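Residue 85 in our numbering sits at position 61 of the sequence shown; the count goes up by one each step and never skips. Each residue gets a CB set at the ideal place from its N, CA and C atoms; glycine is no exception. All figures in this text were calculated on a predicted structure; none of them were measured in a lab.
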Amino acid sequence: MKITEVKFVEGFIRMANDGWEQGWHERNGGNLSYRMKDEDVAAVKEFLSEDGEWKEIGTEVQGLANEYFMVTGSGKYFRNVIIDPEDSIGIIKVDETGTKYQIQWGFVNGGRPTSELPSHLMNLEVKKRVTNGKYRVVYHAHTTNTIALTFVLPLSDEVFTRELWEMATECPVVFPSGIGVVDWMVPGGKDIAVATSKLMEQYDVAIWAHHGMFASGEDFDLTFGLMHTVEKAAEILVKVLSITPNKLQTITPDQFRHLANDFKVELPEKFLYEK
């Protein structure tokens, strides 16, 4: 069996290609990471090497010590993941201190993990803790309509959540905890990782102003579906705003409350304000 025939590797590659086909990954834009299960590590053990150099992560993630991750590469194109995975993606291990990583598979042409590795690992650590280990995927993409909205809406959790909830009935069911927003920051460093990880304590989605979206979930399907839902809602809102700044009708706070009751989800009241 080839490593690309292992189920989680297939899922990772498919998700990367799905994002490319959505138009979310121009050039080398975006990144994807997956915290591997013990059975995943066992399934690919024969392909892993422990001979690589240990390198600094740029932050500390003690909660992920000795864990393995599949990640996309820095400067790599999502469009190439499906045709040359061994060059475009890799498997890394975090050391016992949570401060270093070692490449154990992939990045064959001298590549390295995504420059957003600190953000990915810090947020995977947070989501592991707050979900009791359920969440394993972090995904960042340059979602066009969501980015457009960061130029015209207040950069507020409450405003972005409410406006996107109103765009489609399933939105509050898919992301009931809401959406966090990070003001513009230089990507790739510890500061944006810290800001995003604070939001990920309560949300599964963070929007990076003028940059894109950051989402986390239990598996590839749920995480991709979450981002797809938010971006589709953003597309609808862009179309509505292009027609008129004033909606004639929309979903009301009480209707959201009825929806939450019927679908057995909890919607924070801070998003159900009167306009």
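Which of helix, strand or coil DSSP assigns to residue i
i, result
"Val198", "helix"
"His164", "strand"
"Ala192", "coil"
"Phe175", "coil"
"Met209", "coil"
"Leu246", "helix"
"Arg38", "helix"
"Phe131", "coil"
"Pro142", "helix"
"Leu56", "strand"
"Ser240", "strand"
"Gln126", "strand"
"Trp44", "helix"
"Val183", "helix"
"Ile115", "strand"
"Lys69", "helix"
Assumed close pair residue i, residue j - CB separation to whole angstroms, cut-off 8 Å
i, j, result
"Phe295", "Phe36", "The pair is not a contact, with the Cβ atoms about 33 Å apart (cut-off 8 Å)."
"Ser201", "Asp228", "6 Å"
"Val206", "Ala233", "6 Å"
"Gln128", "Gly76", "6 Å"
Any non-hydrogen atom of the ligand HEM within 7 Å of residue i CB
i, result
"Phe93", "The ligand HEM is absent from the structure shown, which contains no ligand whatsoever."
Beta-carbon spacing of residue i, residue j below 8 Å
i, j, result
"Lys61", "Tyr125", "no"
"Gly82", "Arg136", "no"
"Ala239", "His49", "no"
"Glu255", "Thr193", "no"
"Leu130", "Glu110", "It should be noted that the sequence gives Gly, not Leu, for residue 130. Yes, the Cβ-Cβ distance between Gly130 and Glu110 is below 8 Å."
"Trp189", "Pro196", "yes"
"Met146", "Leu261", "no"
"Tyr101", "Asn52", "yes"
"Ile231", "Thr174", "yes"
"Arg59", "Leu148", "yes"
Straight-line Cα distance separating residue j from residue i
i, j, result
"His252", "Glu140", "21 Å"
"Glu259", "Thr185", "14 Å"
"Arg160", "Met25", "24 Å"
"Asp119", "Leu88", "9 Å"
"Ala257", "Val105", "27 Å"
"Gly204", "Glu34", "30 Å"
"Thr123", "Asn270", "50 Å"
"Ser57", "Lys222", "19 Å"
"Gly114", "Gly43", "18 Å"
"Phe280", "Gly99", "42 Å"
"Glu63", "Lys31", "11 Å"
"Ala217", "Glu225", "13 Å"
"Thr268", "Ala40", "35 Å"
"Asp286", "Phe199", "15 Å"
"Lys151", "Lys299", "33 Å"
"Asn156", "Asn90", "17 Å"
"Ala284", "Thr247", "21 Å"
"Ser73", "Ala172", "43 Å"
"His235", "Ser143", "14 Å"
"Ile27", "Ile107", "14 Å"
Three CB pairs or more closer than 8 Å across the segment 61-71 and the segment 265-281: no
The segment 284-292 / the segment 207-222 touching (three or more Cβ pairs under 8 Å): no
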